[in-house]
Structure formats: structure tokens, C-alpha cells
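Protein chains in written order, with the working numbering: chain V, 1 to 214; chain X, 215 to 428.
2 protein chains.
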Amino acid sequence: MPIRILIVDDHSVVRQGLQMFLALDPDIEVIGEASNGAEAVEFVKDEQPDVVLMDLLMPIMDGIEATKVIRSDFADTEVIALTSVLEDNAVVGAIRAGAIGYLLKDTEADDLVRAIKAAASGQVQLSPKAAERLMREIRAPESPEKLTDRETEVLRLLAEGKANKEIARELSISETTVKTHVSNILMKLNVPSRTQAALYAVRIGLVSEDSLGE
Amino acid sequence: MPIRILIVDDHSVVRQGLQMFLALDPDIEVIGEASNGAEAVEFVKDEQPDVVLMDLLMPIMDGIEATKVIRSDFADTEVIALTSVLEDNAVVGAIRAGAIGYLLKDTEADDLVRAIKAAASGQVQLSPKAAERLMREIRAPESPEKLTDRETEVLRLLAEGKANKEIARELSISETTVKTHVSNILMKLNVPSRTQAALYAVRIGLVSEDSLGE
DNA sequence: ATTCATATCCTTCAAAAGTAGGAGAGAGCA
DNA sequence: TGCTCTCTCCTACTTTTGAAGGATATGAAT
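Encoded structure:
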């Protein structure tokens, strides 16, 4: 019997493209589509597909979160992260969340099919570039340290362009404390200034672009 | 005779999806694909399609640059910018480069077809979100004053997270001069800090997200 | 010829950002 | 009970940023 697939992506163009790719192979059957993480989790609960092709960047519930839920609740369903941008943290995040594969959207049709078949039998599949990143990540001692909840909160405000004094007011703590947090953030992210920290936050999607400067 | 289309996107999945969408309509014929801006320009030179569907974020030559070239050299070819959510703030840049339309990738098949037909006859097409952005940009009473070339250059470096000293070194001018430029930039953009100026630059797509912090 | 915009540089000063090195309170864990 | 982590706050200090108010040179426009 064919491998049962769920496609999760917020862009209908991409979903259609994947359908197209996968229609070429008789061993694969696309049994559903979802346009966000929450829908995906629902679908998996009802239908238990063999493999989920998961976009990481989505509204409602992002792909990493959805992957985490699926992998912890439905161990028989494998997840392949499929994304357009190669982002260091996303690779590590996806793997940590339980994804068995990480592919870029520029993957060719037959590579994709191969990856799905591998995933269905529990084998790990990474696109060459992703694998390289992962290697670098593991080797490199300069992988950003994990921020605490409070630090993340401060970073979010910082990344909205707010001054220390404003952040202090907003969180009802002293400006000194904010400075302490900011210093720790800079140290952990290994960047020299709040501006670079803000750019980092935007890059990893901590703040939506809509909120930038308004 | 059908409308002749060129699809430009660096992801084969997306190209395939678009092909799929457009195959539904007999009035539309996809005559080629390109995976970066440089290829796109080449193709337009050889084949002069009626409409180009252009992704904005690509390697080699980005979509805005390619649009600029195409529109200045081949006036009969219309360009529709087609992007994913994250980039939807490059609206102004795309329009300024000469794009006649701006659509998001979550557009449905028939909307896309409608947009292409409109573009082929020279009509402007914007997705609701893009239109909103544009309106806001135009309406905004505090519409940012125009920056000079030098100021834009400084802003670009600033938006890469560089300090005044670094910018001075890079441009071979004194730090004092950089400070003067930065002050003028903040005044013109009506923001209180370099961090907010950097975020503004990202928002309008002055720096590509790839370059952020890397 | 003169005015205007741009770009360069200066000094002086105030505010904001960051660093260094503490220290106490509370939560959770071995 | 210690131990560690997080969050909070402090003083004292340096560096960076940014504002204010100049000055000079160039080139284009009137």
C-alpha cells in the first residue's frame, strides 16, 4: 500500500506544486493538506498519515511547534521539514522537535520522493546544505546559547526598537535590570550591540515584520 | 493567442505549483522558467514574454533588480511580483522598480489567472495586503523625507548592525561625518534611535534578510 | 553671480548603552 | 540541606550615540 502523506504549507501555490511532484509516484498518496500547524495536528489526530511534509514558517502555529506536538503524540507519523530559507536555528530546532528530515524547497522531484520513502522507513534525510549547517552547528562552539524566558521577552521589546527605559517601564522592572538582561543577551547571542540583537530577533522571526517600527 | 508567461522563482516546487495553476486556463501559456534574476533577464531578452511572474527573494540577482532591468529594457513585458508573506513589505520597492502587480503566494488559482490577464492588458493588480501597505505608505502624513544617496548608503551599513566607527572605516570618512549622516537619517525618518532606523531599513527591504547578522 | 543641496569635518555636551562585579530572594533539584 | 538557575537590583565606570551649532568645498541650478 502507498505511503500516506499530509502536506502542510500556508501557500496554496506550494501545496499545489508538491501535489504535482508527488503525483508522479504510485507509491505515494497525498491524503490531505493543511495551511497551518493547528490544522496539521488536527489532521494527524484523525488520519495518522505516514509522513508529514511540514513548512516551518506559518501563521497560527509554526512548523516547529506542530512538529513537536505530532512527534510526541503520534510516534508513527514521521515529519519532514520543508522550508524555503536555510536558517541555522531552524535546522537545529526542527531536528530537536523530532523532524526526521530537513529539505529545502529547491529540491528536485525525485529527491523529494526519495526522501519521503526514506522517512517512511525511519531513515534520516537532510539536504546537503542543511547537513552542512548542522555539522557546522555541532562543531562550532559559537552556537547561540539559549535565552531565558525573561531575556526573550526583553529581546522582543528591544527588537521593536524600544529603549532600555521604555522596556523597564513596560515590564515594571528597573532600568538597571533591563541593562543586565541586555548584557546577558548580547553575550549569549555573541553580538556587540543591541542593533545586531534586534536584527537577529527579526531574522529568527521573534518579532513579526509587521510590527517593525510601528 | 495566449498570454505568454515566464515564471521566475528559485524553488522548483513553487515553479511546479504555478505551472499547475496556470495550466487550468487555455488563454495562458507558460513559455519558460528561470531560477534567478540573471536567467530571467536573459530569457526576456530572447523571448519577450507578455508577463513575468517574479519572486523577489532569489540568489544571483534579486527580483527587484531584475524587475528594474526588464522594465527599463523591455517595456512590453509586464512584471508581477509574487512573494511569500515575509517579504510583503518590499511592495514599494517592487512598484518603484516597475512591477505592475504585487501578489502573495497564498493567492488562489483563479485570482492569479485574473491578475495575469489584467497585467497583460496593462492594469495594475495588488493583493489586498499589498494595497494596504501602499496606501499606508502614501497616506502617512509623516511620510519619511527622502534620503540622499550617501545617507542611504550609511543606513544600509547601519542596518547591518555596524557601529559608526565601522561605517566610517568602510566609507573612508570620519566618524564625525558618519554621526552627522546618522543624525540626519534619524531626523528624516522621524525615529529616535539607530535601532529603529535599522528596523525601518529591514522593513522597506533595503537590506535582504539573508544579510542580517551574518 | 548667487543660491541651493550635498558632503565633508570640527567641538562641545548630554544621554543612552554596555561592562564589571557585586548581592539577595525564590524555585527547583539532588 | 546544599546547589544551581533565574530574576531582581545596585554602584562605578567606559564607550557609543546623538544633538547642537558651527565651518568649508563642490557642483548644479537659476
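In this text, a Cβ means the ideal position worked out from N, Cα and C, and glycines have one as well. Since the model is a prediction, treat every value here as computed from it, not as a measurement.
Problem - Interface flag, A216(V) vs chain X, CB-CB below 8 Å - result: This structure gives no information on residue 216(V), because the portion of chain V shown stretches from 1 to 214.
Handout entry: Test: R114(V) CB closer than 8 Å to a CB of chain X
Key = Numbered from 1 along the first sequence, position 114 holds the residue referred to as residue 114(V). Cβ-Cβ to chain X under 8 Å: no for R114(V).
Problem - Length of the line joining the Cα atoms of L199(V) and I95(V) - result: Your numbering for residue 199(V) matches position 199 in the first sequence. Your numbering for residue 95(V) matches position 95 in the first sequence. CA-CA distance, L199(V) to I95(V), rounds to 24 Å.
Practice task
Compare the C-alpha of E166(V) against each of P406(X), R285(X) and N250(X) and name the closest.
Solution key: The count along the first sequence starts at 1 and reaches residue 166(V) at position 166. When only C-alpha atoms are compared, the closest one is P406(X).
Problem - Three-state class that DSSP yields for M54(V) in the structure shown - result: For the purposes of this step, residue 54(V) is identified with residue 54 of the first sequence, where counting begins at 1. It is a strand residue.
Problem - Contact test: A119(V) Cβ vs the ligand MG heavy atom, cutoff 7 Å - result: Among the ligands in the structure shown, none appear at all, so the ligand MG cannot be discussed.
Practice task
Taking only beta-carbon positions, decide if D276(X) is within less than 8 Å of chain V.
Solution key: The residue you call residue 276(X) lines up with position 62 of the second sequence. Nearest CB-CB separation between D276(X) and chain V: not below the 8 Å threshold.
Problem - Where P240(X) falls, given that 16 or more other Cβ within 10 Å makes a residue buried - result: Numbered from 1 along the second sequence, position 26 holds the residue referred to as residue 240(X). Label assigned to P240(X): exposed.
Practice task
Report buried or exposed for N190(V), applying the criterion of at least 16 other Cβ atoms within 10 angstroms of its Cβ.
Solution key: Taking the first residue of the first sequence as position 1, residue 190(V) is located at position 190. In summary, N190(V) is exposed, with fewer than 16 beta-carbon neighbours lying within 10 Å of its beta-carbon over all protein chains present.
Practice task
Per DSSP, which residues does I5(V) bridge with? Please list them.
Solution key: Here the question's residue 5(V) lines up with position 5 in the first sequence. Residue pairing by DSSP puts I5(V) in a beta bridge opposite V30(V) and V51(V).
Handout entry: Classification of E108(V) by the beta-carbon crowding that lies within 10 angstroms, buried from 16 upward
Key = As a position in the first sequence, residue 108(V) is number 108, starting the count at 1. The Cβ neighbour count for E108(V), taken over all protein chains shown within 10 Å, is under 16; the residue is labelled exposed.
Exercise for the section: Compare the C-beta of M187(V) with all C-beta atoms of chain X and state if any pair is closer than 8 Å. Expected result: For the purposes of this step, residue 187(V) is taken as the residue at position 187 of the first sequence. No, its Cβ sits nowhere closer than 8 Å to a Cβ of chain X.
Problem - Contact set between K105(V) and chain X, taken where Cβ atoms lie within less than 7 Å - result: Here the question's residue 105(V) lines up with position 105 in the first sequence. Within chain X, the residues placing a beta-carbon under 7 Å from that of K105(V) are H225, V227 and V228, ordered along the chain.
Practice task
Anything in chain X within Cβ reach of S183(V), meaning under 7 Å, just list it in chain order.
Solution key: Here residue 183(V) is taken as the residue at index 183 of the first sequence, counted from 1. The premise fails here: S183(V) is roughly 16 Å from chain X at the closest Cβ pair, so nothing lies under 7 Å.
Practice task
Classify L426(X) as helix, strand or coil using the three-state DSSP reduction.
Solution key: Reading the second sequence from its first residue, position 212 is the one you call residue 426(X). Confidence in L426(X) is poor, its pLDDT being 43 and thus under 50, which makes the residue's placement too unreliable to answer from.
Problem - Candidates S226(X), T297(X) and I242(X), of which the one nearest R328(X) by Cα - result: Here the question's residue 328(X) lines up with position 114 in the second sequence. Of S226(X), T297(X) and I242(X), the residue nearest in Cα terms is I242(X).
Practice task
Consult DSSP for L318(X) and reduce its assignment to one of helix, strand or coil.
Solution key: On the second sequence, position 104 is the one that residue 318(X) refers to. Correct three-state label for L318(X): strand.
Problem - Delimiting residues of the beta strand (DSSP E) encompassing A295(X) - result: Taking the second sequence and counting its residues from 1, the one referred to as residue 295(X) is at position 81. E292 to T297 is the span of the beta strand (DSSP E), which, as asked, contains A295(X).
Practice task
Please state if the CB of L6(V) and the CB of G37(V) are separated by a distance shorter than 8 Å.
Solution key: Locating residue 37(V) in the first sequence gives position 37, counting from the first residue. Locating residue 6(V) in the first sequence gives position 6, counting from the first residue. Going by C-beta atoms, G37(V) is not nearer than 8 Å to L6(V).
Problem - Test item: CB-CB of I284(X) and I314(X) under 8 Å - result: Mapped onto the second sequence, residue 284(X) falls at position 70. Mapped onto the second sequence, residue 314(X) falls at position 100. Going by C-beta atoms, I284(X) is not nearer than 8 Å to I314(X).
Exercise for the section: May I have the straight-line CA-CA distance separating S226(X) from D106(V), to the nearest angstrom? Expected result: Locating residue 226(X) in the second sequence gives position 12, counting from the first residue. Locating residue 106(V) in the first sequence gives position 106, counting from the first residue. Note on geometry: alpha-carbon atoms of S226(X) and D106(V) lie some 5 Å from one another.
Problem - Any chain X beta carbon closer than 8 Å to S193(V) - result: Here residue 193(V) refers to the residue found at position 193 when the first sequence is read from its first residue. Under the Cβ distance rule, S193(V) counts among the residues neighbouring chain X, one pair being separated by less than 8 Å.
Problem - Test: A163(V) CB closer than 8 Å to a CB of chain X - result: Here residue 163(V) refers to the residue found at position 163 of the first sequence. For A163(V), the answer is yes, since a Cβ of chain X falls inside 8 Å of its Cβ.
Practice task
Determine whether the Cβ of F235(X) lies closer than 8 Å to any Cβ atom of chain V.
Solution key: Taking the second sequence and counting its residues from 1, the one referred to as residue 235(X) is at position 21. For F235(X), the nearest CB of chain V lies under 8 Å from its own CB, placing it at the interface with that chain.
Practice task
Starting from the beta carbon of V293(X), find every residue of chain V whose beta carbon is closer than 7 Å, and list them in chain order.
Solution key: Indexing the second sequence from 1 puts residue 293(X) at position 79. Against chain V, the beta carbon of V293(X) has no neighbour under 7 Å; the closest one sits roughly 17 Å away.
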